[in-house]
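Working notes, structure below.
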Amino acid sequence: MKRFTVCCFSNRIHKSRNRNQEKLTKQNNNNVASNLGSNLTNVIVNHDFSSGMHPWHPNCCEAFVVTEGSGVSHGVLDPSKCGSYVVVTNRKETWQGLEQDITSRVKPCCLYKVSATVAVSGPVQGLVEVMATLKLENQQSPTKYQFIAKTCVFKEKWVRLEGMFSLPNVPEKVVFYLEGPSPGIDLLIQYVTIKPELEQEEHVTMEDENIVVNPNFEDGLNNWSGRSCKLVLHDSMADGSIVPQSGKAFASATERTQNWNGIQQEITGKVQRKLVYEATALVRIYGNNVTNATVQATLWVQNPNQRDQYIGIANVQATDKEWVQCKGKFFLNGSASRVVIYIEGPPPGTDILLNSLTLKHAEKIPPLPVPSIENPAFGVNILTNSHLGDGTTNGWFSLGNCTLSVAEGSPRILPPMARDSLGPHEPLSGHYMLVTNRTQTWMGPAQMITDKLKLFLTYQVSVWVKVGSGVTSPQNVNVALGIDSQWVNGGQVEINDDKWHEIGGSFRIEKQPSKALVYVQGPSSGVDLMVAGLQIFPVDRLARVKHLRRQCDKIRKRDVILKFSGADASKLSGATVKVRQIRNSFPVGTCISRSNIDNEDFVDFFLKNFNWAVFANELKWYWTEPEQGKLNYQDADDMLNLCSSNNIETRGHCIFWEVQATVQQWIQNMNQSELNNAVQNRLTGLLNRYKGKFKHYDVNNEMLHGSFYQDKLGKDIRVNMFKTAHQLDPSATLFVNDYHIEDGCDPRSCPEKYIEHILDLQEKGAPVGGIGVQGHIDSPVGPIVCSALDKLGILGLPIWFTEMDVSSINEHVRGDDLEVMMWEAFGHPAVEGIMLWGFWEFFMARDNSHLVNAEGDVNEAGKRLLAVKKDWLSHANGHIDQNGAFPFRGYHGNYAVEVISSSSQKVLKTFVVEKGDYAQVITVDLQGL
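In this text, residue positions in the sequence shown follow this note's numbering: the first is 369, and each later residue adds one.
So this is what it looks like as structure tokens:
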């Protein structure tokens, strides 16, 4: 189960590249236009402060230039190493900075590109914003301010600030200035340039205009180049069998020696950060006896700090027979100094053919409405003759040439998970279907349900199953659905005995099928299968949430008595009390990526709505050491600085990942001794560097689904990883972490297998301190999730949902899923925290799972998140009683209480409601009332 953000996905595709080969050299960019504006006049005078301060002016503050010869350095920024710069100091307001009058050097309807290298110094905590702004003055109208760009800066680290502006009319006075840090923080500026790009009518594209120049090769290969390969223009190929689908020409990228070789165009300065773009390419392949291959559209972005980023836009299976469309979207969080779009992918020696490429600002697609479901019939079984009460198999048919018959002796009670959903219910008949003469694993009983399914309803699956005697190996039994040509998992179980077992699963369909059937399959050919009481029914999730609210009132709230003192009794009696909860202490966190924190809108939502964080990829070994000995902790450091400076706790994900596909090739190539040393170095390097900074560590991710390190180094390596991690950082809680624990659809990671796995680690001395349930779930059903948590809860370890996400094309249904999962977690006493696996579009593991659209709009699912978090805040109003007290019941966390006397005097105090079984008495001093 791979879960990469967009950035990681493309990075992993390119992880084995030789970056020296990757450089966009002059030789390979003959047809790329020279850097825009490189020969154009700089609007800024004395852009690098080589002539001192003239004509710059500090805005209500002070400024001076630091040069190598001055013998002065500001913090760690030594001018002998980084060159001269100006220090703007003695700032009392955020808007105070450095300015220059540029009125005479700008003209209307021209697009200008601004670039500045800035830093900050002084009492800096975490990230600081620096902004570029225009002040526009006219005598006859109020002064206006035009925002250009802003960036986030760490203390004493140079960062490039970039943006663009255009003026429809030039006012009487135009002043450019840099501003932004909090008062008391010095603003440092190394250089500033403002250069005209192109005339606005030539450069600025409307939403329906193509950013790509010469998109159909009507102007030959102008503006195109080969990415370390040869580029050829054609009107036809292969004796005329390949001709353009549109236009008169196409290009081929030939003499390719690497998968990433292809055809490219530089689009620097043409795409803006925080906007969604859609790319559409018409492609096919040719040669080297390859008939089909993956073709991918990719974006190479060089950030102002010279970090390379690769963003996978889209991919498609292309053939040598016809043109196919490769279409996808992308989004840039931060500023970019260079941007190149290119087509890559097929094996070396195979040509990539490109007929056209369009790149436009993506059209906003309106969300789907709330599904209209008439008579959902919650709890009503949609299958015919489930109980086999008349002793026949009427309504059922055999899938394949197996034999169905009815026998007696199955359980008469509903399976537990169905019982939790349905409540009191008539007993089962005790009859079951016996399936014999099975010659294929997929053979079993089936029933057509095409006309019985309703779109966007969540269905629960429940059944008792058993396999024939004499089985010598574990047998998987699966309730499956055939939805047109798609297989849908309705639940699975592994059986290794002659007992009846429960399958509990769920599913939902979101497109109307032409054919739908349910069937039971799985055991090896020749193994008899027994099926009893199979039911499929829609679940009432609103009723489940009501139940969970009552449950949360018992386990997440506490009785509180506020005892007031310090004021005259006459003022206390009858005084009004308003209690408001500020923050619930239950951890709710999210996954973030390094590129995310370049987007101030993302950071703002993150800081406002979450109190924990986990890094998507930046702490994983393949990220911190992609090549042996080449360490990259800068991304994790930046993210940790943001979190720690904002009191956000962090989980360390992950020290190792047991799934071989995620292990770097250089590690896979090691012998046993080399690998053992590398593992020890990884532990020592990571945990010593971050000792005490991560509250949790996922020690060896997904051990139920992979065994790379165990296979190479023996069974003891897993235990040793836990032991060594604990020795290096005793303060961190060490977790196991795996997926499909809670949904009933994967027998490899059912709760029973997870418990066995954890107990085995503990018995061998591994200090396992927590259970990670990832929570990548489809169509969640409360009783199924709760059943898994109940089973895991017997271990007495804290359970965290570590990577929760839900998916639906309908934002309202996605919100329903998220609401169910959050309440299930909050309502279970063994669960101690929730981590979402992201929230921002294009930075999610799965399609249709985001809560905030890329351009910053909170969607319906995101609104549900905010509504649930609001529900987890307690409020109470009333009056102080005759004993000088005010009792209420509220969720654990931080509170504010306002007391208003009869004479309208007010006192505001804060307090904390801790976890506990008895009423908490809190003394509130009202001195001054």
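Just so you know, even glycine gets a beta-carbon here, dropped at the ideal spot from N, CA and C.
The structure presented is a predicted model; accordingly, all values stated were derived computationally and were not measured.
Leaving out five residues on either side along the sequence, give the residues of the same chain with a beta carbon under 7 Å from the beta carbon of ASP1293. Listed in chain order, the non-local C-beta contacts of ASP1293 below 7 Å within the same chain comprise SER933 and GLY934, local neighbours out to five positions each way being set aside.
Among all the DSSP beta bridges, which residues are the ones paired with LEU849? Beta-bridge pairing links LEU849 to VAL856 and VAL886.
Cβ distance (whole Å) where GLY494 is taken to contact ILE553 below 8 Å: Wrong, their Cβ atoms sit about 12 Å apart, outside the cutoff.
Three-state secondary structure (DSSP) at HIS793? In the three-state reduction of the DSSP assignment, HIS793 falls in the coil class.
To which residues of the same chain is ASN1216 closer than 8 Å at the C-beta, ignoring the five residues directly before and after it? If we look at ASN1216 and ignore the five residues flanking it on each side, its Cβ neighbours are SER1175, SER1176, ILE1177 and ARG1182.
In the segment 471-504, which residue ranges form an unbroken beta strand (DSSP E) of at least 3 residues, counting only runs that do not cross its ends? Entirely contained in the segment 471-504, the beta strand (DSSP E) runs reaching 3 residues are, in chain order, 478-489.
Which residue from VAL708, ALA848, ASP927 and GLY838 puts its Cα closest to that of HIS1243? Considering only alpha carbons, the answer is ASP927.
Grab me the residues of THR807's own chain with a C-beta within less than 8 Å of its C-beta, minus the 5 sequence neighbours each way, in chain order. Hits under 8 Å: GLY768, ASN769, CYS770, SER893 and GLY894.
Can you tell me the Cα-Cα spacing of ARG948 and SER1099, whole angstroms? Roughly 33 Å separates the two Cα atoms.
What does the Cβ neighbour count give for LYS391, buried or exposed, with the cut at 16 atoms within 10 Å? Since pLDDT at LYS391 reaches only 35, below the 50 mark, its modelled position is unreliable, and no value is offered.
Count the other CB atoms within 10 Å of the CB of ALA1029; is the residue buried (16 or more) or exposed (fewer)? Its Cβ having fewer than 16 others within 10 Å, ALA1029 is exposed.
Can you tell which of THR1092, ASN1037 and ILE1035 has the C-alpha that lies nearest to the C-alpha of ASN1056? ASN1056 has its Cα closest to that of THR1092, out of THR1092, ASN1037 and ILE1035.
Would you mind reading off the limits of the alpha helix (DSSP H) that contains ILE1123? Counting along the chain, the alpha helix (DSSP H) containing ILE1123 begins and ends at 1119-1131.
When DSSP labels each residue in this structure, what does ASN399 get in the three-state scheme? With a pLDDT of only 33 at ASN399, under 50, the local geometry of the prediction cannot be trusted, and the value read off the model is given with reservation. In the three-state reduction of the DSSP assignment, ASN399 falls in the coil class, being assigned neither a helical nor a strand state.
Three-state class that DSSP yields for ILE635 in the structure shown: In the displayed model, ILE635 falls within coil according to three-state DSSP, outside both helix and strand.
Taking Cβ positions, are VAL971 and LEU897 nearer each other than 9 Å? With a cutoff of 9 Å on beta-carbon distance, VAL971 and LEU897 are scored as not near each other.
Is it buried or exposed, GLN508, if we count other Cβ atoms within 10 angstroms and call 16 or more buried? Exposed: under 16 other Cβ atoms inside 10 Å.
From the DSSP output, read off the bridge partner residues of SER620. BP columns for SER620 point to VAL600 and LEU721.
Boundaries (first-last residue) of the alpha helix (DSSP H) holding VAL839: Element bounds for VAL839: n/a, residue is neither H nor E.
In chain order, what residues of the same chain have a beta carbon less than 7 Å from the beta carbon of GLY1246, not counting five sequence neighbours either side? Taking GLY1246 as the centre and dropping the five residues before and after it, the same chain places the C-beta of VAL945 and PHE1254 closer than 7 Å to its C-beta, in chain order.
Residue from LEU940, LEU751 and ILE1023 whose Cα sits closest to the Cα of ALA900: The option with the nearest alpha carbon to ALA900 is LEU751.
Proximal residues to VAL913 (C-beta, below 6 Å), its chain only, five neighbours per side dropped: If the five residues before and after VAL913 are omitted, its C-beta is found closer than 6 Å to the C-beta atoms of TRP1191, all from its own chain and listed in chain order.
Determine, using beta-carbon pairs with one atom in the segment 1045-1053 and one in the segment 529-542, whether at least three such pairs fall under 8 Å. No: the two stretches stay apart, fewer than three of their Cβ pairs being nearer than 8 Å.
Would you verify that the beta carbon of PHE1062 is, or is not, closer than 9 Å to some beta carbon of chain C? Of the chains in the structure shown, none is chain C; there is only one protein chain.
List the residues that DSSP assigns as beta-bridge partners of TYR1259. The beta-bridge partner set that DSSP reports for TYR1259 consists of LYS925.
Where LEU479 and VAL956 are concerned, what is the direct C-alpha to C-alpha distance, given to the nearest angstrom? Rounded to whole angstroms, LEU479 to VAL956 spans 44 Å at the Cα level.
Who are the Cβ neighbours of ARG528 in its own chain at under 6 Å, not counting the five residues just before and after it? Scanning its chain for C-beta atoms nearer than 6 Å, with the 5 sequence neighbours on each side dropped, one finds around ARG528 the residues THR485 and PRO672, in chain order.
Measure the C-alpha to C-alpha separation of GLY630 and TYR710 and round it to an integer number of angstroms. When rounded, the separation of the alpha-carbon atoms in GLY630 and TYR710 is 7 Å.
Quick one: grab the DSSP three-state call for ASP1066. ASP1066 falls in the strand class under three-state DSSP.
By the DSSP assignment, the alpha helix (DSSP H) with TRP1034 in it spans what residues? That run of the alpha helix (DSSP H) goes 1033-1036.
Rounded to a whole number of angstroms, what is the C-alpha to C-alpha distance between PHE417 and GLY548? Distance between the alpha carbons of PHE417 and GLY548 is about 20 Å.
Cutting at 6 Å between CB atoms, please list the residues of its own chain near ASN1221, excluding the five before and the five after it. GLU1209 and ASN1227, listed in sequence order.
Counting pairs of Cβ atoms below 8 Å between the segment 573-589 and the segment 684-704, do you hit three or more? As far as the Cβ criterion goes, the segment 573-589 does not touch the segment 684-704, which means the pair count is below three.
Within its chain, find whatever has a CB closer than 7 Å to the CB of CYS694; leave out the 5 residues flanking it on each side and keep chain order. Spatial neighbours of CYS694 in its own chain (CB-CB distance under 7 Å, excluding positions within 5 residues in sequence) are listed in chain order as ALA649, VAL651, VAL663, ALA665, ALA682, ASN683 and VAL684.
Using 8 Å as the cut-off, can you tell me whether the segment 875-886 makes contact with the segment 820-829, which would need three or more C-beta pairs spanning the two stretches below that distance? Yes, the segment 875-886 is in contact with the segment 820-829.
Just checking my contact of ILE557 with LEU466 at CB under 8 Å: how many whole Å lie between their CB atoms? The C-beta distance from ILE557 to LEU466 rounds to 6 Å, short enough to meet the 8 Å contact threshold.
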